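Each residue of the sequence shown is one higher than the last, beginning at 1 in the UniProt record's numbering.
To keep things clear, I will list the structure first and then write my remarks on it.
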Amino acid sequence: MDPTSPLGLHPASFHPIVLNHSPGENLWSTFTNIHPEETAHPGALNPEGFLPSFIKPLPLTTNQNTLECLNLNGVFALPNAPLQNALLQAFEECVLPSMPIVEWQSLIQALHGTYGSHGSISLLLYHAIMVSATTFVEMHHLLEAGHSTRQEAQESFFQKARLLYQANVETDGLAIVQAFLLMTYRLDAVDGDDSRHLIGIAISTALSIGLFHDGSQITNFHYRPTLWRRIAWACHIIDCQIALRLRRRPIIQRADFSHQMVSEKDFEHLQFILPQSPEVTPSYTDLSQNFSAQRELTLIFIANARLSVCIRNVLDVQCKESHLRSSASPTTPTSSASDESPEYTNSIYTSERMLAEWANALPNSCQTNPAEPRDADEEPALTLQRSLLHITFYTTIAVFHQSRIFPSSNFCLQHASQQITRVAFDLYRRGLHRRLPILGVTGILVALVIHIGEMRAPPSPQKDEATNNFQLGLEIMASLWDVYSEANRVTSWALKIIQQNGTGYR
């Protein structure tokens, strides 16, 4: 992989970051005083020392040792033009709709402007965008760029982003929040920096800059208020979704978050591409010009924000139940301990009501079974995000009812598992299942567990349906082995469990 391809830009639009120098040189005077003849053509560029001008220069206070360390670790090496374009396409289709935390129009203008005339972006944020996109980009793009596996490619970008953060060279707190939100897409955290750890860094940084409160309350506020609010709600959504996966309480405290619910007006400036200037902002996907689909994606994001509030309540109920179980005496039934807590009982009914209200208020564009059939050629990103919304909802339902808190809980569990499998298999049939984030894989796992429980029952139509759904879920999981190692583990575990428990499955 050529780490310093000009990315299709004029050579003079590059600025030097690290050049060969003698110990006595003032490194930054070398960095900031480049002469035209030094960049007359690509061959004149130092392959280890230049970044395009769409990248913001590092602070002048950065010391030489830090710069050398970053350079030696390849932090200043960017992907070549074909890979960058493929990653940006994957980002626009698979990440941006569910995490609209960058001004896409401004970003693309910066990437394709000449001499930095259309602004610049943080190098940390750039690498984080690449981290998230490697989860979904077609594998052949990574292979052609010299990477051996998806995980290896993603780790390359992840380590660059982490080194930049650890070097403390990013001075924009909001860019740090954006970057770590995107880095939660990391596939394998062998070093312990899992999604919970990464969202924790994003949240602690957000708290330090006051992100969870209205910008009007902040002195010298210089961010676009709509972007500010979208990023705040993205933090809330991702925090709750990660907590749902791990059955933990969200990190963000209720008292620390005071934003009103995100609304369509917060997306009024969010146009993926400026259609009137294609020569400046080329289109990566059809979604770029599909403003109807963009509006529907906005509604889905808002629905996710509302659902995250429900998820928080459900996880509170689960944690309270766990506390009651641990505090009850060995001779006291859990149900009796629960009955003695009016707060616990009230939280159960509040969560149930909120989930029902969420489902009943869902706009038609967010429903998986609308009154009018949808176009078979619907924008794939729209189908994916809508499906993921419902997988998240039914996963929440399953978690809520897993302790059988109501007489109807068994039915609710069965219905939730059936719907998760139905929605996931529809994505599989359309070839969109490989665009599912890890939360989607968790939802399928939850459904598989419920199906296994039903398969242990005596022969019945319900058992037959559960067996069929189990097979469908297993088929989806098996197809994701090269993306998510968790899918491999789940497939092996599920097969082992049903064979050990004599369900009759072969």
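From the three backbone atoms N, C-alpha and C, an ideal C-beta is built for every residue, glycine too.
Only a predicted model underlies this, so the values are computations on that prediction, with no experimental measurement involved.
Beta-carbon proximity check, residue i vs residue j, cutoff 7 Å
i: S314; j: T396; result: In the sequence as presented, Ser is not what sits at residue 314; that position holds Val. Contact: yes.
i: Q294; j: S98; result: no
i: L448; j: A487; result: no
i: A232; j: F212; result: yes
i: V446; j: A478; result: no
i: L299; j: A381; result: no
i: I450; j: S417; result: yes
i: T368; j: H401; result: no
i: S195; j: T184; result: yes
i: R229; j: D193; result: no
i: I218; j: V262; result: no
i: T134; j: A153; result: yes
i: C319; j: R249; result: yes
i: Q471; j: T285; result: no
i: M139; j: L87; result: no
i: D73; j: L163; result: Note that residue 73 is Asn in the sequence shown, not Asp. In this structure, L163 lies closer than 7 Å to N73 by Cβ.
i: Q178; j: I101; result: yes
i: L182; j: A128; result: yes
i: E296; j: S403; result: no
i: N360; j: T421; result: no
i: N290; j: E379; result: yes
i: residue 535; j: I452; result: The chain is shown only over 1 to 506; residue 535 falls outside these bounds and no answer can be derived.
For residue i, the first and last residue of its enclosing alpha helix (DSSP H)
i: R229; result: 225-246
i: N290; result: Note, N290: premise wrong, no alpha helix (DSSP H); not H, not E.
i: E352; result: 342-360
i: N468; result: 461-478
i: W481; result: Where W481 is concerned, there is no enclosing alpha helix (DSSP H), given that its DSSP letter is neither H nor E.
i: L182; result: 173-183
i: I444; result: 438-455
i: A496; result: In the sequence under discussion, the amino acid at residue 496 is Lys, which differs from the Ala named in the question. K496 -> alpha helix (DSSP H) spans 485-500.
i: A416; result: 409-430
i: V131; result: 123-134
i: T383; result: 380-401
i: T205; result: 195-209
i: E155; result: 150-166
i: E144; result: 139-144
Beta-carbon contacts of residue i that lie in its chain and below 7 Å, excluding the five residues immediately before and after
i: I201; result: F180
i: P225; result: G215
i: V423; result: T368, S387, H390, I391
i: P278; result: Low local confidence applies: a pLDDT of 45 at P278 is under 50, so the model's placement there is unreliable, with the coordinate-based value given in what follows. The answer is none, since no qualifying residue turns up.
i: Q500; result: none
i: I121; result: F54, I55, K56, L107, A110
i: I209; result: G173, L174
i: N346; result: none
is_contact[residue i, chain D] using C-beta, thresh 7 Å
i: F76; result: This model lacks chain D altogether; it includes just one protein chain.
Beta-carbon proximity list for residue i, same chain, < 6 Å, skipping 5 on both sides
i: T62; result: V169
i: L430; result: Note on residue identity: the sequence assigns Arg, not Leu, to residue 430. The answer is none, since no qualifying residue turns up.
i: P407; result: none
i: R435; result: C94, F136, L384
i: E37; result: At E37 the pLDDT is 28, less than 50, meaning the model places this residue with poor confidence; the figure from the coordinates comes in the next sentence. So no residue of the chain qualifies.
i: R312; result: C240, P250
i: A457; result: K463
8 Å CB neighbourhood of residue i in its chain, flanking five on each side removed
i: P23; result: Residue placement at P23 cannot be trusted, given a pLDDT of 36 that sits under 50; what the coordinates show is reported in the next sentence. Here the set comprises nothing.
i: T491; result: L474, M477, A478, W481
i: Y126; result: I55, L78
i: Y223; result: L174, G215
i: I348; result: V317, I405
i: K496; result: none
i: P59; result: V169, T171
i: V483; result: T135, R150, L187, R434
The ligand MG heavy atom lying under 6 Å from the CB of residue i
i: S485; result: This structure lacks the ligand MG; in fact it carries no ligand of any kind.
Ordered list of beta strand (DSSP E) runs contained in the segment 55-117, each at least 3 residues: none
If you pair each beta-carbon of the segment 234-243 with each one of the segment 289-309, do three or more pairs fall below 8 Å? yes
Is it a yes or a no for the segment 89-108 touching the segment 144-164, going by three-plus beta-carbon pairs under 8 Å? no
Is there contact between the segment 133-150 and the segment 67-87, where contact requires at least three CB pairs shorter than 8 Å? yes
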